[in-house]
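Following: one structure in structure tokens, then a few remarks.
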Amino acid sequence: MHTHSNDGEAILNGVPVTALSGIYWGPLAPFEAKDAHDELLKTIEGRVGAELMTATVYDRKSGAKCGRYDVAVDASSGDGCGMYRSIMLEPSTGEIHDLATPPLWYQYKDPQDVVAKVHKFLVDMKFFENLDAFVYHVLTRVEAEAKGQVH
């Protein structure tokens with residue numbers, strides 16, 4: 009894990025992690041439930057006709073891929089939920105981790121609107137500036153669950 013610099017800028021794998029003006033994403037593409045994060049599937053359980061879409065997120069400065077937003081929309085209710093996901097390789101163990109924020113629900117105009125709302129929420133809570141702490145928390149919890157220490 010990398011530590012934060014004195015000015016609060018987060019560094020992940022040597023690349024600064026920037027806020028709202030620092031990332032962009034393209035059009036959302038449909039994806040199948042088998043590729044969805046378990047938490048997204050749990051939150052849409054029982055919603056008939058919910059559509060799943062994903063958008064890859066890129067760093068505006070370098071063009072490097074830095075994660076994705078997965079979205080589920082329920083056109084019949086006008087509800088949409090989304091989550092930020094990133095697949096991470098842990099160099100010390102070679103394990104691959106699927107890191108995701110909890111799914112967040114919103115009323116939406118279109119699926120891009122869900123991405124924008126989830127992203128704004130994450131920026132407002134300084135998620136990207138604290139990405140190292142999030143990764144540490146998730147990996148520590150995964151290790152504890154594997155050892156049967158989380159109930």
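Numbering (this note's numbering), first residue to last: 9 to 159. For glycine and all other residues, C-beta sits at the position ideal for the given N, C-alpha and C.
Contact between the region 97-106 and the region 66-79 is absent, with fewer than three C-beta pairs closer than 8 Å. Counting C-beta atoms within 10 angstroms of its own C-beta, Thr101 has fewer than 16 neighbours from the protein chains shown and is therefore classed as exposed. Linking His45 to Arg68 through their CA atoms gives a straight-line distance of about 26 Å. Boundaries for Val123: no beta strand (DSSP E) harbours it, while the alpha helix (DSSP H) harbouring it runs 119-132, taken from the DSSP string.
Ranked by how close their Cα comes to the Cα of Tyr32, the residues Leu147, Gly86, Val123 have Val123 in first place. Taking a C-beta distance under 8 Å as the contact criterion, Pro110 and Glu47 qualify as a contact pair. Taking C-beta separations shorter than 6 Å and ignoring five residues to either side along the sequence, Ala72 has no partners in its chain. Counting along the chain, the unbroken alpha helix (DSSP H) around Lys50 starts and ends at 46-52.
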